[in-house]
């Protein structure tokens, strides 16, 4: 063998080099494995978080206040006893509204004109119940009839206006304004209210705010204001351009 390979210092350097290379390989392998496991855990965590958000969003969409069904069915029962001609129309509108609330919420988005149609059905049902003690003015303007929005986004605001609105001089007044431009949806609703109800935002408004945050990541703008005789909600949301 060459004399160089018999040198103890050379052998020691070679052994040390082998140890360094083996250790380096083991460290790199361990780091790669740890990184991979960490990434897998992060993916599982994000997937679980996404599933929880989807379930929470689904829950927020699925909410329907039982008072509306109770009051509508009571009115329908009264119409049935009187054999009123309005009863079949009321049943049809209620059926359409329930179908929308219970089944259309599974869709990520619906046509804005469909949301408007169901708002109008809701208003019609409440008009049958309130009769002469209700005045509703609904103004709407759509830039394009193909505009889509998340389902059940606007209807809860309308329902809240009826639930927490107060009759003044024997009449509940509700004014609704909706305008959809190319990039922005503006929804404004106000109802008569009394000072005693100032601190009552109404069941569901907090959930609606939470849903807006989940859908638009602070890009939406919701304003809720109580005045001496009015409760005002103003909503602005961006519209997606496909």
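In our numbering, the protein residues as written are 114 to 355.
From the three backbone atoms N, C-alpha and C, an ideal C-beta is built for every residue, glycine too.
Three-state class that DSSP yields for residue i in the structure shown
i           : result
residue 253 : strand
residue 187 : helix
residue 343 : strand
residue 260 : coil
residue 334 : strand
residue 349 : strand
residue 125 : helix
residue 247 : strand
residue 145 : helix
residue 153 : helix
Enclosing beta strand (DSSP E) for residue i [first to last residue]
i           : result
residue 304 : 297-305
residue 211 : Element bounds for residue 211: not the beta strand (DSSP E) but the alpha helix (DSSP H), 199-216.
residue 227 : Here residue 227 belongs to no beta strand (DSSP E); instead the alpha helix (DSSP H) covers 225-243.
Where the alpha helix (DSSP H) through residue i begins and ends
i           : result
residue 320 : 318-329
residue 285 : Here residue 285 belongs to no alpha helix (DSSP H); instead the beta strand (DSSP E) covers 285-293.
residue 196 : First-last for residue 196: undefined, no H or E at that position.
residue 366 : Any property of residue 366 remains undetermined from this structure, which presents the chain solely from 114 to 355.
residue 273 : 268-277
Local Cβ density within 10 Å of residue i, reported as buried at 16 or more and exposed below that
i           : result
residue 126 : exposed
residue 330 : exposed
residue 122 : exposed
residue 185 : buried
residue 213 : buried
residue 338 : exposed
residue 139 : exposed
residue 207 : buried
residue 153 : exposed
residue 289 : buried
Pair within 8 Å by beta-carbon distance, residue i and residue j
i           : j           : result
residue 229 : residue 253 : yes
residue 323 : residue 351 : no
residue 235 : residue 210 : yes
residue 232 : residue 267 : yes
residue 226 : residue 256 : no
residue 306 : residue 283 : no
residue 300 : residue 270 : yes
residue 246 : residue 285 : yes
residue 304 : residue 287 : yes
residue 334 : residue 349 : yes
Within-8 Å CB hit, residue i to chain D
i           : result
residue 217 : The structure shown has no chain D; it contains just one protein chain.
Check whether the stretch 256-263 touches the stretch 233-247, counting contact only when three or more Cβ pairs, one atom from each stretch, lie closer than 8 Å. no
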